[in-house]
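First comes the structure, then the notes that go with it.
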Amino acid sequence: MRGKLETVIRDLQLKRGRERRGLALAEGVRLVEEALAAGVRIRAAAVSPHLEGSARGAALKDALVQAAVPLTPMDDRALAGLADTEHPQGVIAVIEPPRWSWAELQAGPGSAVVALDALQDPGNVGTILRTAHALGAAGVLALKGTAELHNPKVVRGSMGALFRMPAFAATAEELLRWTVDNGVALWVAEAGGTPIGRFERDGPASPPVCVVFGNEGAGVGAGLTARAARRVAIPLAKDAESLNVAVAAGIILYEVLRER
């Protein structure tokens with residue numbers, strides 16, 4: 118059993134393995150706790166003695182047993198050799214991540230959706246997912262060229278947001294069609310846009326908005342930019358070149374949603 122689980126975990130560290138199996142990995146106490154709390158099915162978990170070194174870890178192991186999750190014991194060194202992180206905290210779980218779709222993406226009045234256009238860094242993608250969920254966004258769309266949402270670094274950076282908020286891959290064409298069909302205003306974040314604070318919204322009654330964030334180097338693609346109702350930016354100090362895209366996304370999303 119141990120050998121089989123090791124093979125599965127190594128396979129799920131690769132994109133083709135995740136796509137073929139429809140599974141993903143969750144490492145660390147907090148992320149596995151989030152998966153359990155969100156009702157995500159956990160197929161199996163590798164655990165080492167390190168997990169029971171804290172009361173929280175021991176409680177998580179008990180919860181996994183209560184949930185009838187098959188546990189495979191490993192020594193700390195063996196589990197660390199399978200981990201994507203330096204400190205996996207004694208647990209790596211194989212999960213069935215939620216399969217979100219357009220049907221779950223409910224953008225009502227006053228809401229906001231985030232779209233990521235060719236955002237390649239998985240750390241930034243995970244952070245934006247976490248931020249979007251924390252600020253109450255309706256969902257996140259990963260357009261072509263964006264880091265795969267079930268990449269271990271994305272899953273870890275999202276800190277459970279992927280388990281609770283609609284987030285899925287889509288094409289630019291699908292996004293444009295959806296905005297038209299649902300009366301969603303398309304906004305693009307770009308350095309030369311109008312400062313975000315200068316726009317006024319009608320509070321909870323304002324139309325839903327989808328804000329597109331692009332690659333820090335190339336920005337949002339020309340096709341989406343041409344269809345945008347607004348181009349928004351964050352005013353910066355004169356000698357500041359730019360912000361990290363995840364930081365920018367948090368600021369803009371907060372401004373969009375603060376008057377809901």
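Residue numbers (my numbering): 118 to 377. All C-beta atoms in this analysis are idealised placements derived from N, C-alpha and C, irrespective of residue type, glycine included.
Please decide whether A350 counts as near chain B, where near means a Cβ-Cβ distance under 8 angstroms.
Given the protein chain composition of this structure (a single chain), no chain B is represented.
What are the partner residues of R76, as DSSP defines its beta bridges?
It is not possible to answer for residue 76, since the shown part of the chain is limited to 118 through 377.
Spell out the partners DSSP gives R135 in its beta bridges.
Paired residue(s): none; R135 is not in a bridge.
Rounded to the nearest angstrom, what separates M118 and I209 at their Cα positions?
Confidence at M118 is low in this model, with a pLDDT of 48, below 50, so the placement of that residue is unreliable and no value is reported for it.
Could you check if K178 is buried or exposed, using at least 16 other CB atoms within 10 Å of its CB as the buried criterion?
Flag for K178 reads buried.
Measuring alpha carbon to alpha carbon, tell me which residue in E151, A141, E150, D238 is nearest R160.
The shortest Cα separation from R160 among E151, A141, E150, D238 belongs to A141.
Mind checking which residues open and close the alpha helix (DSSP H) that includes G256?
For G256, no alpha helix (DSSP H) run applies; the uninterrupted beta strand (DSSP E) run containing it begins and ends at 256–259, by DSSP.
Pairwise C-alpha distance: R247 and A284:
So the alpha carbons of these two residues sit roughly 11 angstroms apart.
When you compare the CB positions of P312 and A229, do they come within less than 8 angstroms of one another, or not?
No, Cβ-Cβ distance for P312 and A229 is not below 8 angstroms.
Beta-carbon proximity check, A163 vs L131, cutoff 8 angstroms
With contacts defined as CB atoms closer than 8 angstroms, A163 and L131 fail to qualify as a contacting pair.
If you compare alpha carbons, which of V231, E144, Q183 is closest to I368?
Comparing Cα positions, the closest option is V231.
Just grab the DSSP bridge partners of N361 for me.
In DSSP, N361 forms no bridge with anything.
For I209, the first and last residue of its enclosing beta strand (DSSP E):
Annotation for I209: the continuous beta strand (DSSP E) segment containing it runs 208–213.
Using 8 angstroms as the cut-off, can you tell me whether the segment 187–204 makes contact with the segment 232–240, which would need three or more C-beta pairs spanning the two stretches below that distance?
With a cut-off of 8 angstroms, the segment 232–240 and the segment 187–204 do not count as touching, because too few Cβ pairs lie within range.
Give me the Cβ distance between M276 and L148, rounded to the nearest whole Å; I'm assuming they're in contact under 8 angstroms.
The C-beta distance from M276 to L148 rounds to 7 angstroms, short enough to meet the 8 angstroms contact threshold.
What residue does the beta strand (DSSP E) around D201 start on, and which one ends it?
It is not in any beta strand (DSSP E) - D201 carries neither H nor E in the DSSP assignment.
I believe A306 touches V328 by the beta-carbon criterion, under 8 angstroms. Please report the beta-carbon distance rounded to the nearest angstrom.
Yes, they are in contact, since the Cβ atoms of A306 and V328 sit about 6 angstroms apart, within 8 angstroms.
Tell me the DSSP secondary structure of T124 in three-state form.
When DSSP states are grouped into helix, strand and coil, T124 belongs to the helix group.
Start-to-end residues for the beta strand (DSSP E) that takes in T189
For T189, the enclosing beta strand (DSSP E) begins and ends at 188–190.
Range of the contiguous alpha helix (DSSP H) that encloses G243
DSSP places G243 in the uninterrupted alpha helix (DSSP H) bounded by 239–252.
So A289 is in the alpha helix (DSSP H); what residue range does that whole segment cover?
289–299 is the span of the alpha helix (DSSP H), which, as asked, contains A289.
Quick one, which of V373, H267, V146, A155 has its alpha-carbon nearest R347's?
For R347, the nearest C-alpha among the options comes from V373.
Under the three-state reduction of DSSP, which class applies to L142: helix, strand or coil?
Here L142 sits in strand by DSSP.
The alpha helix (DSSP H) with V272 in it runs from where to where?
Membership of V272 in the alpha helix (DSSP H) is indicated by the continuous run 269–275.
Taking contact to mean 3 or more Cβ pairs, one atom from each stretch, closer than 8 angstroms, check whether the segment 182–195 and the segment 250–262 are in contact.
They do not touch, by the three-pair rule.
Per DSSP, the bridge partner or partners of A286:
DSSP, once it has assigned bridges, lists A259 as partnering A286.
Buried or exposed for E136, please, with buried defined as at least 16 other CB atoms from any protein chain shown within 10 angstroms of its CB.
Classification for E136: exposed.
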